[in-house]
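One structure is given here, and the rest of the page talks about it.
Given below as structure tokens:
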């Protein structure tokens, strides 16, 4: 098997939150991989797998109820633009992509709102304008985005992480979901530091192999200092999620130092030129041909990623936002 060509059976898709399966948030399985081996643990074991002086960087973006359901369509609000327009995706009631729509078309939405399609941004995303404040409208009329592998709607609380303080993500920064307040307390009590960035995620594309597009992010000065300090002291910088990797690697300067930064990132992390800020990642399990797999390879190497995915498939780990977790550690400090 190569990491880009494996087949994901439907039986390994997580169809509901772990709590609905009788599993606590921090009791999901955790695959721990480095250059030498793969270990099978639970997420609650994380404090014992890291060392005092290590740093976990988390995404504090909160998830919006970004899907609005119509009779024959769903509108998924993805990304706010600086001019007040939004990128949106149209989907069928079956949650499959909808290829229709036309420039200038008006869509009546619940509550008397109107959405105007302005222009195609990508083959599946429209730039659109709503006749009122989008976030307030979504908090009243929206539901969390889900795809066909999730069998039913779940409350917005099931899509929030313990770190969620800054509203703006179309989909949950799901790597942070297994953290609980008690687990964070245990990490900190063991001398493992935690620092935030903000990156507002856009809509995923489970049916297509597309690179990520521009997303809003912010790396605070205090987080940048902690990343640089941790690296200089020989500690590990572990990103909680691909969003964190993207933000930190966007903020790295030519000397390999992370600087405070904010705005829009178009950075795509690949094995060449690799990563400079992070030495590990906590993430979910990603689909074949996903651009996220290139990021994992940049952090841990192709051999380690391929071996670990073979182990995850063999041992029945669960994929997607309600699935199990993966800790990948680079052999570089």
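Numbering (the working numbering), first residue to last: -19 to 313. A virtual CB, placed ideally from N, CA and C, is assigned to each residue, including glycine.
By a beta-carbon distance limit of 8 Å, residue 302 does not contact residue 245. Their separation comes to about 27 Å. Secondary structure in the segment 211 to 296: the beta strand (DSSP E) runs of 3 residues or longer, each lying completely within the stretch, are 217 to 220, 241 to 245 and 260 to 263 in chain order.
Fully enclosed beta strand (DSSP E) runs of no fewer than 3 residues occupy 146 to 149, 173 to 179 and 195 to 199 of the segment 144 to 204, in order along the chain. In this structure residue 258 is not in contact with residue 285, their Cβ atoms being roughly 15 Å apart against a cut-off of 8 Å.
Approximately 30 Å separates the beta-carbon atoms of residue 57 and residue 204; this is outside 8 Å, ruling out the contact. Rounded to whole angstroms, the gap between the alpha carbons of residue 42 and residue 15 is 33 Å. The residues 66, in chain order, have a CB closer than 6 Å to that of residue 60 in the same chain once the five nearest residues on each side in sequence are set aside. Pairwise C-beta distances place the segment 213 to 229 out of contact with the segment 76 to 87, as fewer than three of them are shorter than 8 Å. The C-alpha of residue 177 is placed about 22 Å away from the C-alpha of residue 280. Ranked by how close their Cα comes to the Cα of residue 34, the residues 174, 267, 264 and 235 have 174 in first place.
If you check the CB distance, residue 156 and residue 121 do not come in under 7 Å. Counting along the chain, the unbroken alpha helix (DSSP H) around residue 120 starts and ends at 114 to 121.
Within the same chain, 232 and 236 come within 6 Å of residue 256 by CB-CB distance, once the 5 residues on both sides are set aside.
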